[in-house]
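Everything below concerns the one structure shown next.
Chains as they are written, first to last, in the working numbering: chain F, 1 to 518; chain S, 1001 to 1204.
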């Protein structure tokens, strides 16, 4: 049970003013992942009218990035009544279900039915576009039912949000010309599931752009979007698995590769100096092991963590970037949902598997960027930066035991002002995928409670069977902690304050505290 | 100031439907490897790789553009074959649809890039060796290739069969044209002053 503490505890935990990793300079747009949800909830009805934006960041790079969220008005999600389709009949049939029937009829396949989280994408006309655990064309009827549910509620000038049946949540997001549905048996809350569906939608926009997506459906309502998405299914598949394992998504934050600040500065400066002369280069992003090494940006432009997550997903799901230099059109939905950026994507070197992305709005500069990349690598090699990146990549993350906090098993620390987070390495019992996912589920529960729209909490201390959880949000950070199950409150509080001191001491290595520009 | 020009002598472009193995062909040529465990990794946009080759003791660089086969990138594909000296049009020997698509690319190139030498390449020969039948029949393909006067190669990226021969042929054909030879020699003289590296290894 959650146990909101008296506000006095805040003062006990740490002396006021400690806010590890805080910085006035940031290259990331800071958002609360929950605001996104509120915006989504209040907007999706209007979304169908698709207020096509007239400004485009890409075509008017002079103008500031528009990031003005429409005033979110509190909406109480309507709890719709429709019953899930014939549960009883399904159960009767379960006995005869054959495991081999996935290709014939997924609805009669026990493994398929038992999946913890389904994701379906269909068009407003009810055409199947994507299904996470089976081929979508076997699900025409099922998707028809989903479309019917959505349009039935729409007819009453309302919007279906979610259906709850036992431990299963059915969550609907209607965005642009698409309907996204998840059927989830996880502990994730409706807002968290909505966030995931929004990410999936943004992934599609990232491949096609919002304007193309709108246009094809304007031309033909029953367009088969799979034609345009061929080859992108793997991006959606990977994104979904990624979100099940990575706290970055619900935290709305980015993890950095730990590096000595002098090394990181040297890398950033090398990029700035080499690329300074190239016009129209908007972002240079260096990623290693899915963590940010550095990000150099054009003055005035920032990148949204959600866009960076999509870039991380692209890199992590594309093996071919490793052998060749790619010239990849990519739309960053938060930056400009209507236009493509062009990305020169390549790994630094055979012996340094960090991926460099140079994003520009100019489609004719491939060879210049290719050249610049070569020069960057040569310089980084001479200044031993490649070595430093490798060393950090190959080093196992420090654990809380190694920091000297024996009763603390794991932690997520998010610095709000920079949208960056840090977490230590996993230690027993969180060594299997299952245990890690379970732990992540616990964090998500805490996250939801801290941000619950009707009753947000500041502090949660929760003693569970296998661990004790503590969550704490201040104006500067969010902290999610896992302790031994029998830890006492004073001991837990004591180690939190030790942890914060340690993060403060290491902040220059763990976080990026400046924001280099071209 | 940067000048957006490639540092390559021979620009080659790979064209064809998705999933015929263009990226695999490129990887076979560049690194001589094939990743069997990887399901089709559709190329997003396009990819570029270059490799130095040596024909008759003349060294020059091949710059190869691997294009995305997917329909949504079709409008962008033009950018990549513009100015190409050679094109490898690929199709999957067991996939009739990809063959139709290949013929489309041949027509397109003939009308837009007249100076581009077209090589027709049937991929996945290893599947034929396992007993599958070719569609269309290889005779038809050979006759078609002869009819439009382009060379036809039957390759397997998986085993590496005939892939290096294909690129060898492209390199030889290129350098046998006096104009090309002339421009390569010119480039060599230009760089000779700065570099004196004269190692030369035969391709293949």
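Glycine included, each C-beta is placed from N, C-alpha and C at the ideal position.
Output the boundary residues of the beta strand (DSSP E) element that contains residue 1059 (chain S). 1058 to 1067
Using a Cβ-Cβ cut-off of less than 8 Å, give me the residues of the segment 1033 to 1065 of chain S that come near chain F, in sequence order. 1035, 1038, 1039, 1040, 1041, 1042, 1043, 1044, 1045, 1046, 1047, 1048 and 1049
Proximal residues of chain F, C-beta to C-beta of residue 1092 (chain S) below 9 Å: The contacting residues do not exist; residue 1092 (chain S) stays about 15 Å from chain F at best.
Beta-carbon proximity of residue 297 (chain F) to residue 27 (chain F), cut-off 8 Å: yes
Under the DSSP definition of a beta bridge, which residues are partnered with residue 326 (chain F)? F:345 and S:1047
Reducing DSSP to helix, strand and coil, say where residue 106 (chain F) ends up. helix
Answer yes or no: does any C-beta atom of chain S fall closer than 8 Å to that of residue 377 (chain F)? no
Residue 391 (chain F) versus residue 1101 (chain S): straight-line alpha-carbon distance, rounded: 47 Å
Expressed to the nearest angstrom, what Euclidean distance is found between the alpha-carbon atoms of residue 1129 (chain S) and residue 1158 (chain S)? 12 Å
When we look at the beta-carbon of residue 402 (chain F) and count the other beta-carbons within 10 Å, is it buried (16 or more) or exposed? exposed
Exposed or buried, which one is residue 164 (chain F) when buried takes at least 16 other CB atoms within 10 Å? exposed
Which residue from F:114, F:143, F:409 and F:486 puts its Cα closest to that of residue 463 (chain F)? F:486
Assuming the contact rule is C-beta atoms closer than 8 Å, residue 326 (chain F) and residue 1016 (chain S) should be a hit. Round their C-beta distance to whole Å, please. Going by Cβ atoms, the distance from residue 326 (chain F) to residue 1016 (chain S) rounds to 18 Å, so no, they are not a contact pair.
Residue 1153 (chain S) to residue 29 (chain F) span [Cα, whole Å]: 52 Å
Ordered list of beta strand (DSSP E) runs contained in the segment 453 to 500 of chain F, each at least 3 residues: 459 to 463, 468 to 473 and 477 to 483
According to DSSP, is residue 445 (chain F) part of a helix, a strand, or is it coil? helix
Less than 8 Å separating the beta-carbons of residue 317 (chain F) and residue 228 (chain F)? no
Kindly confirm or deny that the segment 375 to 385 of chain F and the segment 295 to 310 of chain F touch, where touching means at least three C-beta pairs closer than 8 Å. no
Just verifying my parser: in three-state terms, what is the DSSP assignment at residue 128 (chain F)? strand
Can you tell me which residues form a DSSP beta bridge with residue 275 (chain F)? According to DSSP, residue 275 (chain F) bridges with nothing at all.
Just mark residue 220 (chain F) as buried or exposed, buried being the case when its beta carbon has 16 or more other beta carbons within 10 Å. exposed
Does DSSP put residue 214 (chain F) in a helix, in a strand, or in coil? helix
Is residue 1030 (chain S) close to chain F? Criterion is C-beta to C-beta, closer than 8 Å. yes
Between residue 1073 (chain S) and residue 57 (chain F), what straight-line distance do the alpha-carbon atoms span, to the nearest angstrom? 22 Å
Identify, in the order they occur along the chain, each residue of the same chain with its Cβ nearer than 6 Å to the Cβ of residue 1080 (chain S), setting aside the five sequence neighbours on each side. 1013, 1046, 1065 and 1067
I'd like the span of the alpha helix (DSSP H) that includes residue 144 (chain F), first residue to last. 140 to 155
Please work out which residues of its chain come closer than 8 Å, Cβ to Cβ, to residue 51 (chain F), disregarding the five sequence neighbours upstream and downstream, and give them in chain order. Because residue 51 (chain F) sits at a pLDDT of 41, beneath the cut-off of 50, its placement in the model cannot be relied upon, and the following sentence gives the value as read from the coordinates. Cβ neighbours of residue 51 (chain F) beyond the five flanking positions: none.
Hey, would you say residue 1145 (chain S) sits closer than 8 Å to residue 1093 (chain S), going by beta carbons? no
Does residue 270 (chain F) have its Cβ less than 8 Å from a Cβ in chain S? no
Could you tell me whether the Cβ atoms of residue 436 (chain F) and residue 245 (chain F) are closer together than 8 Å? yes
Using a C-beta to C-beta distance shorter than 7 Å, which residues of chain S count as neighbours of residue 320 (chain F)? 1023, 1041, 1043 and 1047
Count the other C-beta atoms from every protein chain shown that fall within 10 angstroms of the C-beta of residue 1185 (chain S), then say buried if there are 16 or more, exposed otherwise. exposed
Tell me which residues of the segment 301 to 325 of chain F have at least one Cβ-Cβ distance to chain S shorter than 7 Å, keeping chain order. 318, 319, 320, 323, 324 and 325
Which residues mark the beginning and the end of the alpha helix (DSSP H) in which residue 313 (chain F) is found? 305 to 316
Start-to-end residues for the beta strand (DSSP E) that takes in residue 184 (chain F): 178 to 184
Please list, in chain order, the chain F residues whose beta carbon lies closer than 9 Å to that of residue 1072 (chain S). 207, 208, 212, 227, 228, 229, 230, 231 and 232
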